[in-house]
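First the structure, in the form of structure tokens, and then the observations on it.
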Amino acid sequence: MRVVQSSLRGGTYPSMRDFDTLRAADLATLAALDHGDRRLVSAGVIMARVRVDDANDVEAALAIATELRLAGPDPRDLTLDLETRLALEAALTEAYLAAGVPVEAVMHAQRLLAHLPTVAADPRWRARALACAAAAYALDGQPDVAEHYLGEVAAVGALEGWDPDETDYMSAVAGLLLAFADIDLPRSSRITAALAILAEREPSARSLLLLARTVEAVNAHRMDDALGLVQRVFQGSIQPSGPSLVRGLAHIMHSMLLIARGSPQQALALLRDTAPSANHLICPGYARASAYLQMREYRCVLTATAPCLRVRAEHSWWTYTSLLLRRAVANLRLGHHRAALDDAVEAMTIAGGIDPVAALFLMPPEDLRALGLLIARRRPRLIPQLRYIQTRMAAVPPTLPPIILLPVLSQRERVVAHLLRGTLSYPQIARELSVSTSTVKSQAIAIFRKLGVASREEAVLTLERGGFYDY
1 MRVVQSSLRG
11 GTYPSMRDFD
21 TLRAADLATL
31 AALDHGDRRL
41 VSAGVIMARV
51 RVDDANDVEA
61 ALAIATELRL
71 AGPDPRDLTL
81 DLETRLALEA
91 ALTEAYLAAG
101 VPVEAVMHAQ
111 RLLAHLPTVA
121 ADPRWRARAL
131 ACAAAAYALD
141 GQPDVAEHYL
151 GEVAAVGALE
161 GWDPDETDYM
171 SAVAGLLLAF
181 ADIDLPRSSR
191 ITAALAILAE
201 REPSARSLLL
211 LARTVEAVNA
221 HRMDDALGLV
231 QRVFQGSIQP
241 SGPSLVRGLA
251 HIMHSMLLIA
261 RGSPQQALAL
271 LRDTAPSANH
281 LICPGYARAS
291 AYLQMREYRC
301 VLTATAPCLR
311 VRAEHSWWTY
321 TSLLLRRAVA
331 NLRLGHHRAA
341 LDDAVEAMTI
351 AGGIDPVAAL
361 FLMPPEDLRA
371 LGLLIARRRP
381 RLIPQLRYIQ
391 TRMAAVPPTL
401 PPIILLPVLS
411 QRERVVAHLL
421 RGTLSYPQIA
431 RELSVSTSTV
441 KSQAIAIFRK
451 LGVASREEAV
461 LTLERGGFYD
471 Y
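Residue numbers (our numbering): 1 to 471.
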């Protein structure tokens with residue numbers, strides 16, 4: 001019960017012994033309990049695993065959630081006390097949020113809200129339910145609904161006389177995502193201050209606090225500070241065992257900040273083995289496309305985002321809108337105007353009235369202007385929306401271009417370019433690639449021409465300066 005109640009406003013953070021005891025419980029242990037105890041202890045186990053979240057903890061929490069779902073509705077749940085039902089649904093909401101599956105989180109948030117009577121519910125549980133709903137809808141890409149529930153949380157707090165400068169974990173998750181989406185500096189500053197208070201009582205909020213400081217730095221256009229902060233979140237130095245969703249978001253943000261400082265190749269290296277989360281809220285395809293767009297590798301933009309299109313029905317709206325805009329620019333630059341228009345119109349339709357600032361982050365301004373001209377010419381009904389986008393471009397955090405914009409090399413030229421950096425002679429490179437020496441020399445000359453240099457040494461220096469060997 002201590003773990004379950006610790007998430008309520010003013011709750012006491014449990015000891016590590018409490019966490020470890022609950023994390024040691026498996027499905028067999030839970031099955032041996034009476035029905036009511038099993039439901040309450042299941043909620044505690046899920047909360048302990050989500051909040052501590054060492055390796056495989058989220059998977060273990062989801063295993064419990066899956067077992068509950070497969071068992072189907074149980075009539076005995078109707079006789080459970082309200083707190084037990086609320087505790088279980090809130091824990092399930094957090095588990096799916098931690099796994100990056102906001103659709104399932106929304107479903108449990110809706111069930112959580114349905115358990116609340118119009119009156120008589122403990123205001124702390126009412127606030128907890130509303131905050132879980134806000135976080136679920138925020139991660140699902142429905143900011144208006146998330147804002148509504150955050151307003152309801154604030155209303156409960158005002159009635160109860162709670163300190164408005166404090167927050168709870170789920171409200172902070174929702175507010176932080178919305179603050180980044182709108183590049184809202186005052187809001188991100190308020191959330192950071194509130195999380196600093198929460199982290200004193202709840203150590204599991206430390207990594208979220210550091211991520212909030214990162215967002216605050218981005219929103220203030222302090223990109224160097226943001227890069228230093230996000231590395232600490234990603235490395236886990238401040239909280240070695242913390243919510244994997246926070247670490248995953250930090251990983252993607254780390255790559256975005258590398259692109260923003262003009263190092264897209266390093267961002268690609270960072271993302272090399274990164275897999276997307278279940279619904280692509282954590283979407284390396286979108287981040288890779290941002291890097292390739294800065295490098296003007298337009299076909300690579302399309303290749304990087306192709307897997308995202310295959311799951312478009314389940315794809316997170318937050319990242320899907322952004323990757324559609326990147327595909328639109330790539331198609332435009334490749335001369336595929338119809339495809340560019342289709343991608344851009346779909347992105348604008350999905351976005352609706354959502355603030356476009358986050359989607360515009362890392363988009364080259366000249367590409368956006370060219371895309372805007374195409375849309376205005378072919379879809380004049382979208383001109384008012386285009387004008388709104390133009391008014392918001394000033395709020396987009398700055399992006400530095402790559403130090404050297406390298407030419408696009410063919411796949412074979414890329415292989416040869418890597419070998420040119422080593423000590424192998426042209427005949428040795430030819431044997432390595434099972435081709436003739438003249439073929440290697442021809443490809444080296446082609447590379448020299450593209451780079452505007454006259455020798456192997458100059459080519460290697462130019463490629464090093466442009467970050468070619470970083471990824």
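Ideal Cβ placement from N, Cα and C applies to all residues, glycine included. This structure is a prediction, so every number in the text was calculated from the model and none was measured.
Residue state for His-221 is assigned as coil, using DSSP reduced to three classes.
Here Leu-150 is buried, its C-beta having at least 16 other C-beta atoms within 10 Å. In the DSSP assignment, Met-16 falls within the alpha helix (DSSP H) that extends over 16-23. Boundaries of the alpha helix (DSSP H) around His-418: 411-420. Our two residues, Thr-274 and Tyr-286, have alpha carbons roughly 12 Å apart in a direct line. Leaving aside the five residues that flank Arg-378 on each side, the residues in its chain whose CB is nearer than 7 Å to its CB run, in chain order, Leu-341. The Cβ atoms of Leu-209 and Ala-199 sit closer than 7 Å to each other. DSSP places Phe-361 outside both helix and strand once states are collapsed to three, so it counts as coil. In terms of CA proximity to Leu-80, His-115 leads the group His-115, His-108, Thr-66, Leu-270. Within the same chain, and ignoring the five residues on either side of Ser-42 in sequence, the residues whose Cβ sits closer than 8 Å to its Cβ are Leu-30, Ile-64, Leu-68, Leu-88, Ala-91. Considering only Arg-124, Ser-6, Ala-127, Val-408, the residue with the shortest C-alpha distance to Gln-294 is Val-408. Contiguous alpha helix (DSSP H) elements confined to the segment 308-337 occur at 317-333, taking only those with 4 or more residues. If you draw a straight line from the Cα of Ile-183 to the Cα of Val-396, it comes to about 7 Å. The three-state secondary structure of Asp-74, taken from DSSP, is coil. Cβ atoms of Pro-243 and Ala-98 come within 8 Å of each other, at about 6 Å. Secondary structure of Glu-202 (DSSP, three-state): coil. CA-to-CA, the gap between Arg-288 and Leu-271 works out to about 7 Å. Gly-248 counts as buried, since no fewer than 16 other beta carbons sit within 10 angstroms of its beta carbon. The C-alpha of Ala-134 is placed about 27 Å away from the C-alpha of Ser-255. Membership of Arg-387 in the alpha helix (DSSP H) is indicated by the continuous run 383-392. In this structure, the alpha-carbon of Pro-203 lies about 20 Å from that of Ala-61. Using a Cβ distance threshold of 7 Å, Met-107 and Cys-132 do not count as a contacting pair. Separation of Val-311 and Arg-187 (C-alpha to C-alpha, rounded to the nearest whole angstrom) is 33 Å. For Gln-266, same chain residues with a beta-carbon under 8 Å away, outside a window of 5 residues either side, are Leu-258, Gly-467, Asp-470, Tyr-471 in chain order. For Pro-284, the secondary structure class from DSSP, reduced to helix, strand or coil, is helix.
Between Ile-350 and Thr-321, the beta carbon gap of about 5 Å places them in contact (Cβ cut-off 8 Å). Contact annotation: Leu-334 and Tyr-388 have beta-carbon atoms that are not nearer than 7 Å.
Ranked by Cα distance from Ala-304, the first of Leu-268, Ala-339, Trp-317, Ala-278 is Leu-268. Note that the segment 137-150 touches the segment 173-182; at least 3 beta-carbon pairs, one per stretch, sit closer than 8 Å.
The beta carbon of Leu-374 sits closer than 8 Å to those of Leu-332, His-337, Ala-340, Leu-341, Ala-344, all from its chain and outside the five residues before and after it, given in chain order.
For Gln-5, the enclosing alpha helix (DSSP H) covers residues 2-5. The C-beta of Ser-263 has 16 or more other C-beta atoms within 10 Å across all chains shown, which makes the residue buried. The C-beta separation of Gly-141 from Ile-282 comes to about 14 Å, leaving the pair out of contact by the 8 Å criterion.
For the alpha helix (DSSP H) assignment, the uninterrupted runs of no fewer than 4 residues enclosed by the segment 116-188 are, from N- to C-terminal side, 123-139, 143-160, 169-181. Comparing alpha carbon positions, the residue from Ala-459, Ser-438, Ser-436 closest to Ile-447 is Ala-459.
If you draw a straight line from the Cα of Pro-117 to the Cα of Ala-24, it is about 34 Å long.
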